[in-house]
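Presented below is the structure to which this report refers.
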Amino acid sequence: MRRLCFFLFLIILVQPSLADNNLTFVSTWQRIGLFEGPGITYWQTGWLNAGVEVTLLERNVAGTWVHVQRVDTSGDVLLDGWVMSAFFNLPDDFDFGSLPVSSLPDADIDNVNSQSMSQLFSVPVIPEISLAMQEVYQRGVEAGNHPNVITKVGDSLMQNDEYLQVMSQPNYDLGGYVFLTQTVEFYRESAGQPSVAARLGLTTYVVFDPMWADPAQCEAGESPLNCEYRLKRPSVALIMFGANDVQHMTDAIFDEQMRLLVEETLAQNIIPVLFTFSYHPDNEFWWQAINFNLRLVQIASDYEVPLVNLWSAARALPEFGLDVDRIHLKNSGVDWLDFTNGREARYGVTLQNLLTIRVLHEIRRSIPHEIDSPDNATDF
């Protein structure tokens, strides 16, 4: 009965728009699942076969899921539901940004059996930017932080050459994410720069340890974190830890270290953007990883900092976006930014890039235009 009511509601809701001459009719190039809402926690109601033409009605905030519908010549609804947006044959000039944003949440937590996982799924994939972070950004720029400079802090998952550095290549292809073009251009040069605070084996402990700092770039007694912030003067720091830490510490200690990291970042008037991390349910530390991610959610809430729920978004990908080692995100093998051919729905690093650009877009949208200007930007 709940499913029937859901579909009756959708038919009533979208039927008037079917007369709109601006509707986009597209088809997919492979068979994909059809769901009641924008995520795999919603009930799957069927399949959308390759080549079947449908109308795009709306999208989720991230743009990774779209609401589609197919009607017959008399206007009767033949198919209605949500699918991943990565597999469509799109017109060259199509932009997911032209679609209205749905009010449906990214997950239907009523269908999640675990309370811990339900809590984690309930967190939006892309956050709203708080007033507190807008003020941090403004103070930072006034103090000399560069508005067009971002940096990354973390272990090998953040050091990965395919993460963000591909954004600096001029031959990028955003596919249907044309609305992100200005954001890519704004941050492109800094995205290509390596970070002394993102490297293999780095943990929430050693990011504060001067022994791990690069002696060629860092001052005596300077930690990798403070060294990176001094070198770059970024306005935004993209931070992801957990996949390594989960094997060596309790979630309580992880919480303490992450709070120190967030506080140090905020003290320098840099917006810390936290990421939950994808993890394989067959791994030994699966439930500990859930606890770690929930700690990140709470930290983001306590400090009003943005959190990208990569864990949730990656659940829809093959092997949860992970490589064969079930720790690192899977690379696409493409050395430029490319959101075509469904890569963001198959490779964890491509999805990570998309969601990163998407949250940077939200940050740029939330700040006053005069702050987000090239006047105090920097070149590399």
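My numbering applies: residue 163 is where the sequence shown begins, and numbers increase by one. We treat Cβ as the ideally placed atom computed from N, Cα and C, and that holds for glycine.
Host beta strand (DSSP E) of residue i (start-end)
| i | result |
| --- | --- |
| GLY316 | 308-316 |
| VAL398 | 396-402 |
| THR207 | 206-210 |
Assigned exposure category for residue i - 16 Cβ within 10 Å defines buried
| i | result |
| --- | --- |
| GLN206 | exposed |
| HIS410 | exposed |
| THR427 | buried |
| TRP244 | buried |
| ASN275 | exposed |
| ASP444 | exposed |
| THR235 | exposed |
| LEU196 | buried |
| TRP191 | exposed |
| PHE187 | exposed |
| GLU381 | exposed |
| ARG193 | exposed |
| GLY495 | exposed |
| THR512 | buried |
| LEU423 | buried |
| ALA378 | exposed |
| TRP448 | exposed |
| VAL230 | buried |
| PRO468 | buried |
| ASP497 | exposed |
| ILE433 | buried |
| SER265 | exposed |
| ASN515 | buried |
| LEU387 | buried |
| SER397 | buried |
| GLN327 | buried |
| GLN344 | exposed |
| PRO262 | exposed |
| THR365 | buried |
| VAL216 | buried |
Helix, strand or coil at residue i according to DSSP, with G and I counted as helix
| i | result |
| --- | --- |
| HIS523 | helix |
| SER247 | helix |
| PRO530 | coil |
| SER189 | strand |
| ASN183 | Note that ASN183 scores 44 on pLDDT, short of 50, meaning its location in the model is unreliable and no value can be drawn from it. |
| ASP407 | helix |
| LEU491 | strand |
| ASP255 | coil |
| ASP272 | helix |
| GLY199 | coil |
| ASN515 | helix |
| PRO289 | coil |
| ARG508 | coil |
| ALA478 | coil |
| LEU326 | coil |
DSSP beta-bridge partners of residue i
| i | result |
| --- | --- |
| HIS547 | Nothing about residue 547 can be read from this structure; the chain reaches only from 163 to 542. |
| ILE194 | LEU210 |
| VAL263 | ARG221 |
| ALA239 | Per the sequence presented here, residue 239 reads as Val, with Ala not at that position. Paired residues: VAL233. |
| ASP335 | ASP500 |
| LEU484 | LEU491 |
Continuous alpha helix (DSSP H) stretch holding residue i: start and end
| i | result |
| --- | --- |
| LEU595 | This structure does not reach residue 595, given that the chain is present from 163 up to 542, and the question cannot be answered. |
| SER278 | 277-283 |
| TYR349 | 343-353 |
Residue-chain proximity (residue i, chain C), Cβ-Cβ < 8 Å
| i | result |
| --- | --- |
| VAL233 | Of the protein chains in the structure, only one exists, and it is not chain C. |
Curious, which full-length beta strand (DSSP E) runs of at least 3 residues does the segment 411-471 contain? 433-437
Length at least 3, wholly inside the segment 359-394: the beta strand (DSSP E) runs in chain order: none
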